[in-house]
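Engineer:
Residue numbers (the working numbering), protein chains in the order written: chain A, 11 to 182; chain B, 209 to 489.
#1: Residue 68 of chain A touches chain B at which residues, Cβ-Cβ below 7 Å?
#2: Tell me the start and end of each unbroken beta strand (DSSP E) in the segment 95-150 of chain A that is at least 3 residues and wholly inside, in chain order.
#3: Distance check for residue 147 of chain A and residue 105 of chain A, CA to CA, integer angstroms please.
#4: Taking residue 32 of chain A and residue 23 of chain A to be in contact with their CB atoms under 8 Å, please state how far apart those CB atoms are, rounded to whole angstroms.
#5: What number of angstroms, rounded off, separates the C-alpha of residue 177 of chain A from the C-alpha of residue 114 of chain A?
#6: Residues of the segment 267-299 of chain B with a CB closer than 7 Å to any CB of chain A: list them in chain order, please.
#7: Below 9 Å between beta carbons: does that hold for residue 130 of chain A and residue 107 of chain A?
#8: Which first and last residues belong to the beta strand (DSSP E) in which residue 82 of chain A is found?
#9: Locate the beta strand (DSSP E) running through residue 412 of chain B, then write down its first and last residues.
#10: Alpha carbon to alpha carbon, how far is residue 151 of chain A from residue 120 of chain A?
#11: Indicate whether at least one CB of chain B lies closer than 9 Å to the CB of residue 81 of chain A.
#12: Return yes when the Cβ of residue 318 of chain B is within less than 9 Å of the Cβ of residue 448 of chain B, no when it is not.
#13: Just by C-beta distance, which residues in the segment 81-102 of chain A are closer than 8 Å to chain B?
#14: Does the CB of residue 32 of chain A have a neighbour CB from chain B at under 9 Å?
#15: Among the candidates A/72, A/89, A/34, whose CA atom is the shortest distance from the CA of residue 145 of chain A?
#16: For the beta strand (DSSP E) that residue 339 of chain B lies in, which residues bound it at each end?
#17: Identify the residues that DSSP records as bridge partners of residue 271 of chain B: which are they?
#18: To the nearest angstrom, report how far apart residue 439 of chain B and residue 307 of chain B are at their CA atoms.
#19: Assuming residue 304 of chain B is part of the beta strand (DSSP E), what are its boundary residues?
#20: Would the segment 447-466 of chain B count as touching the segment 288-304 of chain B if we require 3 or more Cβ pairs under 8 Å?
#21: Figure out for me which residue from B/435, B/471, B/450 has the closest Cα to the Cα of residue 332 of chain B.
#22: To the nearest angstrom, report how far apart residue 149 of chain A and residue 157 of chain A are at their CA atoms.
#23: Can you name the residues of chain A whose CB is closer than 9 Å to the CB of residue 446 of chain B?
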């Protein structure tokens, strides 16, 4: 079962001005980070249970804590995965989802199983140690609700088949 | 061409292709255009001087000179344009880079900066800022928020509740920024939203700066008993500034809604395909 108390505890401790502005001794700052990270785990279980209950679908959900540095094993290693976007605001929001992926073509479908536009963007090597590919697609999420999008990577032979189809018949 | 442009139907950002730096922001919806030069600078942290032994440290910001040094006067850039996003990657130095993004349908520029590890081999502590310079006539005033709610007017070398004898021309004009800082000339407004608490100021007309990272070499004798000198993964920081150019009448609605969306941002949860039906019974 999940539990949000450890994270609440950590957030309460981190109201201290040293935590807000990072002006404590190194070992204290490290301990603040440790408390926060320890609070995440039980919360992720809580969110997974809530999503399973609300979507009537039990999945092995995973949370990518290092998205801001383009690390997310599930989206980088899988050819098919689901992305659930939760909106804590009391109004609908449009949000550009950005996920690190392996090179290739992707199909994204919205909660109504309709294909939506998506891009794969190459991140220049100067900005990140090795070439990175990021999948972008626009998500629309209801107030205090969530939307689930499905992502499928077009496998390479399909990709060639697709190319054949789109290649012009007459030689240029 | 001399310039590089990224745009969507609302906003256009123009870059000088010679320096790779941002040089103008336009709000096409409201027909506003503002020359904006944005770059990274660093203050040389004081270790104490003849005026005062006070050093810059965890609790104290005290630059040794008023004028910060530029990290670089130019950036090596990469331009990426797709249907959903247009972005310029700027590489200022081995320890300072940024991506300026404009997503389809969005009315703000997203500046994702990555700073660190700040080099200190020259034995100088450094306090790094992102600074926006414009020709706006702001009469020595700027505005910062207080915990994301009340907006407070700030004035050069002035305190509303007592007669200030300004002894620190830079640090004495720095204020806490929890969610936003802005400057206005009464006609248009340049607002910068932050994704965390930072120090910020406007030290000359039309200018706006936010401190993004610090690396100091001496303690400030205020109780921590060690310099602010991260040696672990905390020595590199990545964050975002959201930049809005709008009319004064329209600005509050824009930055208040955007700040809410920044603080209560959508959360992503992934799952591999294949699930089993589940109900509480």
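C-beta atoms are modelled at their ideal positions from N, C-alpha and C, and glycine is treated no differently.
Structural biologist: This is what the structure holds:
#1: 483, 484, 486, listed in chain order.
#2: 103-111, 115-119, 129-133
#3: Distance between the alpha carbons of residue 105 of chain A and residue 147 of chain A: 9 Å.
#4: About 14 Å; that fails the 8 Å criterion.
#5: Summary for residue 177 of chain A: the model assigns pLDDT 45, below 50, so the residue's position carries little reliability; its value from the coordinates is reported in the next sentence. For residue 177 of chain A and residue 114 of chain A, the distance between alpha carbons rounds to 18 Å.
#6: 267, 284, 286, 288, 290, 291, 292, 293, 297, 299
#7: no
#8: Premise fails: residue 82 of chain A is in no beta strand (DSSP E) and is neither H nor E.
#9: Here residue 412 of chain B belongs to no beta strand (DSSP E), and DSSP marks it neither H nor E.
#10: 11 Å
#11: Not closer than 9 Å to any Cβ of chain B, the Cβ of residue 81 of chain A fails to qualify, so no.
#12: Contact flag set, yes.
#13: 82, 84, 85, 88, 90, 91, 92, 93, 94, 95, 96, 97, 98, 99
#14: yes
#15: Nearest to residue 145 of chain A by C-alpha distance, out of A/72, A/89, A/34, is A/89.
#16: DSSP places residue 339 of chain B inside the beta strand (DSSP E), whose first and last residues are 334-341.
#17: Answer is B/253, bridged to residue 271 of chain B.
#18: 25 Å
#19: 304-311
#20: no
#21: B/435
#22: 8 Å
#23: 78, 79
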